[in-house]
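Accompanying notes for the structure given below.
4 protein chains.
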Amino acid sequence: MAVLGPNRYGKAETRVVRVTRHGDAHRIKDLTVSTALAGDLAEVHLSGDNSAVLPTDSQKNTIFAFAKRHGVGAIEDFALLLARHFVDSQPAIHHARVAVEEHAWERNGAFGHSFVRSGREVRTCVAHHDGTGSWVVSGLRDLVVLNTTDSEFRGFAKDEYTTLPETSDRVLATAVDVSWRHADVSRDGSPDVSPDWDKAYEKARAALLTAFADTYSLSLQQTLYAMGTRVLAECPGICEVRLSLPNRHHFLVDLAPFGLPNDGEVFFAADRPYGLIEGTVLREDAPDAGPAWE
Amino acid sequence: MAVLGPNRYGKAETRVVRVTRHGDAHRIKDLTVSTALAGDLAEVHLSGDNSAVLPTDSQKNTIFAFAKRHGVGAIEDFALLLARHFVDSQPAIHHARVAVEEHAWERNGAFGHSFVRSGREVRTCVAHHDGTGSWVVSGLRDLVVLNTTDSEFRGFAKDEYTTLPETSDRVLATAVDVSWRHADVSRDGSPDVSPDWDKAYEKARAALLTAFADTYSLSLQQTLYAMGTRVLAECPGICEVRLSLPNRHHFLVDLAPFGLPNDGEVFFAADRPYGLIEGTVLREDAPDAGPAWE
Amino acid sequence: MAVLGPNRYGKAETRVVRVTRHGDAHRIKDLTVSTALAGDLAEVHLSGDNSAVLPTDSQKNTIFAFAKRHGVGAIEDFALLLARHFVDSQPAIHHARVAVEEHAWERNGAFGHSFVRSGREVRTCVAHHDGTGSWVVSGLRDLVVLNTTDSEFRGFAKDEYTTLPETSDRVLATAVDVSWRHADVSRDGSPDVSPDWDKAYEKARAALLTAFADTYSLSLQQTLYAMGTRVLAECPGICEVRLSLPNRHHFLVDLAPFGLPNDGEVFFAADRPYGLIEGTVLREDAPDAGPAWE
Amino acid sequence: MAVLGPNRYGKAETRVVRVTRHGDAHRIKDLTVSTALAGDLAEVHLSGDNSAVLPTDSQKNTIFAFAKRHGVGAIEDFALLLARHFVDSQPAIHHARVAVEEHAWERNGAFGHSFVRSGREVRTCVAHHDGTGSWVVSGLRDLVVLNTTDSEFRGFAKDEYTTLPETSDRVLATAVDVSWRHADVSRDGSPDVSPDWDKAYEKARAALLTAFADTYSLSLQQTLYAMGTRVLAECPGICEVRLSLPNRHHFLVDLAPFGLPNDGEVFFAADRPYGLIEGTVLREDAPDAGPAWE
Chain A
2 MAVLGPNRYG KAETRVVRVT RHGDAHRIKD LTVSTALAGD LAEVHLSGDN
52 SAVLPTDSQK NTIFAFAKRH GVGAIEDFAL LLARHFVDSQ PAIHHARVAV
102 EEHAWERNGA FGHSFVRSGR EVRTCVAHHD GTGSWVVSGL RDLVVLNTTD
152 SEFRGFAKDE YTTLPETSDR VLATAVDVSW RHADVSRDGS PDVSPDWDKA
202 YEKARAALLT AFADTYSLSL QQTLYAMGTR VLAECPGICE VRLSLPNRHH
252 FLVDLAPFGL PNDGEVFFAA DRPYGLIEGT VLREDAPDAG PAWE
Chain B
2 MAVLGPNRYG KAETRVVRVT RHGDAHRIKD LTVSTALAGD LAEVHLSGDN
52 SAVLPTDSQK NTIFAFAKRH GVGAIEDFAL LLARHFVDSQ PAIHHARVAV
102 EEHAWERNGA FGHSFVRSGR EVRTCVAHHD GTGSWVVSGL RDLVVLNTTD
152 SEFRGFAKDE YTTLPETSDR VLATAVDVSW RHADVSRDGS PDVSPDWDKA
202 YEKARAALLT AFADTYSLSL QQTLYAMGTR VLAECPGICE VRLSLPNRHH
252 FLVDLAPFGL PNDGEVFFAA DRPYGLIEGT VLREDAPDAG PAWE
Chain C
2 MAVLGPNRYG KAETRVVRVT RHGDAHRIKD LTVSTALAGD LAEVHLSGDN
52 SAVLPTDSQK NTIFAFAKRH GVGAIEDFAL LLARHFVDSQ PAIHHARVAV
102 EEHAWERNGA FGHSFVRSGR EVRTCVAHHD GTGSWVVSGL RDLVVLNTTD
152 SEFRGFAKDE YTTLPETSDR VLATAVDVSW RHADVSRDGS PDVSPDWDKA
202 YEKARAALLT AFADTYSLSL QQTLYAMGTR VLAECPGICE VRLSLPNRHH
252 FLVDLAPFGL PNDGEVFFAA DRPYGLIEGT VLREDAPDAG PAWE
Chain D
2 MAVLGPNRYG KAETRVVRVT RHGDAHRIKD LTVSTALAGD LAEVHLSGDN
52 SAVLPTDSQK NTIFAFAKRH GVGAIEDFAL LLARHFVDSQ PAIHHARVAV
102 EEHAWERNGA FGHSFVRSGR EVRTCVAHHD GTGSWVVSGL RDLVVLNTTD
152 SEFRGFAKDE YTTLPETSDR VLATAVDVSW RHADVSRDGS PDVSPDWDKA
202 YEKARAALLT AFADTYSLSL QQTLYAMGTR VLAECPGICE VRLSLPNRHH
252 FLVDLAPFGL PNDGEVFFAA DRPYGLIEGT VLREDAPDAG PAWE
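Structure, rendered in structure tokens:
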């Protein structure tokens, strides 16, 4: 017989821009917010009884209203605020997940009211709240990096389908997609701990960039692990790092048919297929993740 | 101290087209294949020792070679074949995950060698093998469906941020993203059970389409549950169904300012935000999922 | 000194879905409509005087209102209706361009109210009206076709950078992007001629598909020309055809390192770069195109 | 009777990355190059005779070989070099069009070999050469800008479909897509004039950004014209500017139902539809454009 398993619902990708006007020097925060609520929702699935269902439209309205009422600082705080609100105010809702993406802008020159969208990576976070505790994962995606040297790939396993030559100097490029879990948010009635999210972000980002550059790479896995450990070393409040690194292959073009050498100068940047390296680095004493990664 | 957590690596999105030529009537299978291997891979992360690492390039070559040697029938069989190969042939690899997407083509008229890409949904599968057993999840994505009536949304919870009016007749549209788990594949040395994957696919697809249409919908959650239960009812070999249904809002346009009625005739199809309804329907006696959904 | 050159403005990509309810058997038309108006618009550019500017929001409203009032039949008729309306009703507007894309749906089984989005190509049209005459270009895009044989590429020019081997049997695949110009729409006060747009569409589409399949191809250019001439041969009301055909390369995979032959059986479908073949086929006596292609 | 009209062919979107290694401080140029050749190509269309057709594969090879042999400085120089090469070396080719896009990278900290992809706009150019002269258009796309104030939209034309309220303070945002034509490149055997492309680029970009910010905007058309005239004023070598400015609507959210004011603080960023403003600004004495914009 069929039964209902895990389920949740919400409003995805609400695009909200919050302007703050302090005299002539304005500030903007540009977010994409997605909510997902879970709880006593069996009836709506089984019989279509909506009495426990707060409309996704109301969730969207709440995002806009909270942006006005509370302002938008660090996206983690905004996500937590929303997650707690839904659980605290809706009797049927026992768990809320709020994901926020932040799109970066820079000032357009000295003008206080004019901005240029920065091509910097997208900053991300996911907050969970279940009434007894909260969990926060932060991160970024689309941080594209490339090393022109200090990367090898040799000594690998070979089978009958292996034709790849070994190389002691290659281009290494990837689009970093990473999330890190904060150890200390409130749990089980413990007092609220609010990390300095922005500072943690800048430190984690810097650690990732530096580790990518200063690791002499024998494999992308090694680089991944170095990046993860560096984040943990630099950021005491972070207990776990998950990285997904596509290997953006840059193939050395064979110019010999044209009588030309190619000592690491001309590359073809391929689209697909691509290697994909995924891995987790965590503290030995990391607390249980709970629903943080869901 | 930092430790290595779960990790895997492989080649993503290899695009392979397999042509079979029986006289003048050719057949094509058009696949996107992604492999991911896990096992004794600590050393490559910690020290860059690649001796356990079969290159992702070799994985790609294997896909092409197997497409020739074994042909391509149901994508589930092809995925299992590859997954078992990597685990069985590589001492360091203890787990393989192979995902395949199939892009549908139709014959171009009566020509045996000419084809038109069908806009039908993408058929998907993910196979896992760990040396002792195998798991298979099949599914589809981008199956876009719409009902012009027989959909309400009323009696929902209301809070101070609720402005949505109730409606007793709306357009209901979604892009179905669904996966179903097959109960009976080999496990723990049991003899291999090979479902008729193609038949299961057609029955599951038909069940989804019919349930979407013949369910008088009081909420998208109710429709989701109806779709999942219908798949289970029609397909005895399937033990679990996971659905992700974006609510592709079609807003009734207010034509009153122009002196026109709008009795469900003119709609604005919105992009973002959108409701997102996610849920699982499973048999009470479904076997443990193991790594099937990873 | 700077002067204002050609300019236009409008509302792009209004997504309108029109439902027609005849008893239980509903019909839907799913369109993306873009308007662009030109005329006496110097002042708004030079001084910001908006008195000649009908808001793009009003253009959007007009699309919705016309969808209700006039219904939506062939997209060409709907585009012409809108184009003429803007020129006829706005004193400052002397030229309107309306582009419409139609997304195809099929019935979901026997249900009168349920539909499945078809993956068929997107049908397109662009209508121009300038107060004295009208021009209509129709077409389609994303019609992906593939021949598994009957395609060669030999005897080409060679220079010092040529390494491509000749081939007498290859896969030929493309995503057809084509537009055709209708000769007979109203011009200079001549009575209105309204071709049977739907019939012309089906005939042109069939001609393209058949010519792609039954042309033994020595080059994609030859195939392009054959497709264009076929459309002209089958459709007397069409005077010009413009095709843009990306060569979706399917590279034969070298399986020799694995001891396997590959007689046109296993291909790698590449993304970029791709050949791009563009060409026009027209009747010798085609009337002047006027603004049709702008 | 059918005849062949305008046609061209080439290799689109070749992705080439050029590394220059001066000791430890490397440089990279990351380009997407598209070629299109025209000339005596009737026979290949009519009969499939490829003797005049230099394969698109050879064109791709040429791009790679030239990147090695000549290096890559300003993309305009690279595009001209390629365009002239094809016309000068291929007897059947009388016209070449080469388009180049440049993806920007920044140094990753102080590391000489490590780079971060900048999210800055994409720099573009198109060069034409026909054996007697050359034409160059430069530009950029995806430069996303936003003003939080100093934008009105009032006094516009109103018809029966107008419901938009007038506003004296709105957010104005757009993604700038612009191209500018250089007046002085070689023509008709005149000596070659090579503008300082990089300097022109930086000046044009700065002019666009400044004009966007310091124009008190009564309409996006007015802002467009101001941006174009500013480029002409700052860059004497540029004779024509073409702009395409989508109006990225930021709608003020109505928070009144929640008892909240919204004085330009909370906006919903919409996707579709969007206004689209297109216009040209040119010098009165601009030379004939020839094939520059084709």
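So the protein lines, in turn, are chains A, B, C and D.
For the first sequence, the numbering used here begins at 2 and goes up steadily by one.
For the second sequence, the numbering used here begins at 2 and goes up steadily by one.
For the third sequence, the numbering used here begins at 2 and goes up steadily by one.
For the fourth sequence, the numbering used here begins at 2 and goes up steadily by one.
We put the CB at the ideal spot given by N, CA and C, even for glycine.
Predicted model only: the values in this text are computed from it and were never measured.
Any C-beta of chain C under 8 angstroms from that of residue i
| i | result |
| --- | --- |
| B/Leu233 | no |
| D/Arg19 | no |
| D/Gly72 | no |
Environment of residue i [buried if 16+ CB atoms lie within 10 Å]
| i | result |
| --- | --- |
| D/Met2 | exposed |
| A/Pro92 | exposed |
| B/Thr133 | exposed |
| B/Glu107 | exposed |
| A/Ala214 | buried |
| D/Ala229 | One point to set straight first is that residue 229 of chain D is Gly, not Ala, in the sequence displayed. It is buried - the Cβ of D/Gly229 has at least 16 other Cβ atoms within 10 Å. |
| D/Ala212 | buried |
| B/Lys159 | exposed |
| D/Glu161 | exposed |
| C/Tyr226 | buried |
Cutoff 8 angstroms: residue i Cβ touching any chain A Cβ
| i | result |
| --- | --- |
| C/Asp199 | no |
| D/Glu65 | Glu is not the amino acid found at residue 65 of chain D; the sequence shown has Phe there. Output row for D/Phe65: interface = yes. |
| D/Ala208 | no |
| B/Pro292 | no |
| C/Glu161 | yes |
| D/Glu266 | yes |
| B/Gly6 | yes |
| B/Met228 | no |
is_contact[residue i, chain D] using C-beta, thresh 8 angstroms
| i | result |
| --- | --- |
| B/Pro258 | yes |
| A/Thr168 | no |
| B/Arg273 | yes |
| B/Thr57 | no |
Residue i vs residue j beta-carbon contact at 8 angstroms
| i | j | result |
| --- | --- | --- |
| A/Gly156 | B/Ser135 | no |
| A/Cys240 | A/Ala287 | yes |
| A/Glu103 | A/Val123 | yes |
| A/Val117 | D/Val117 | no |
| C/Phe79 | C/Val101 | yes |
| B/Val172 | B/Thr149 | yes |
| A/Asp41 | A/His96 | no |
Option in the options with minimal Cα separation from residue i
| i | options | result |
| --- | --- | --- |
| B/Ala271 | C/Gly40, C/Ala39, C/Val172 and C/Thr33 | C/Thr33 |
| A/Pro274 | B/Pro7, B/His23, B/Ser35 and B/Asn8 | B/Ser35 |
| C/Ser169 | C/Leu219, C/Glu295 and C/Ala100 | C/Leu219 |
| A/Ala43 | A/Arg249, A/His129, A/Tyr10 and A/Arg22 | A/Tyr10 |
| B/Asp58 | B/Leu81, B/Asp151, B/Ala37 and B/Ile76 | B/Ala37 |
| C/Pro262 | B/Ser119, B/Ala66 and B/Ala111 | B/Ala66 |
| C/Val20 | C/Gly74, C/Leu81 and C/Ala184 | C/Gly74 |
| C/Val17 | B/Thr63, B/Gln223, B/Val242 and B/Glu266 | B/Glu266 |
CB contact check: residue i to chain B, cutoff 8 angstroms
| i | result |
| --- | --- |
| C/Asn148 | yes |
| D/Arg16 | no |
| A/His46 | yes |
Cβ contact (3+ pairs, closer than 8 angstroms) linking the region 196-204 of chain A and the region 252-265 of chain A: Taking a cut-off of 8 angstroms on C-beta distances, the region 196-204 of chain A does not touch the region 252-265 of chain A, as fewer than three cross pairs fall below it.
Given 8 angstroms, three or more beta-carbon pairs between the region 139-158 of chain C and the region 174-189 of chain C: Yes, they touch.
Count the CB pairs spanning the region 156-166 of chain A and the region 26-33 of chain B that are closer than 8 angstroms, and state whether there are at least three. Two segments are said to touch when three or more pairs of C-beta atoms, one from each, lie closer than 8 angstroms; by this definition the region 156-166 of chain A does not touch the region 26-33 of chain B.
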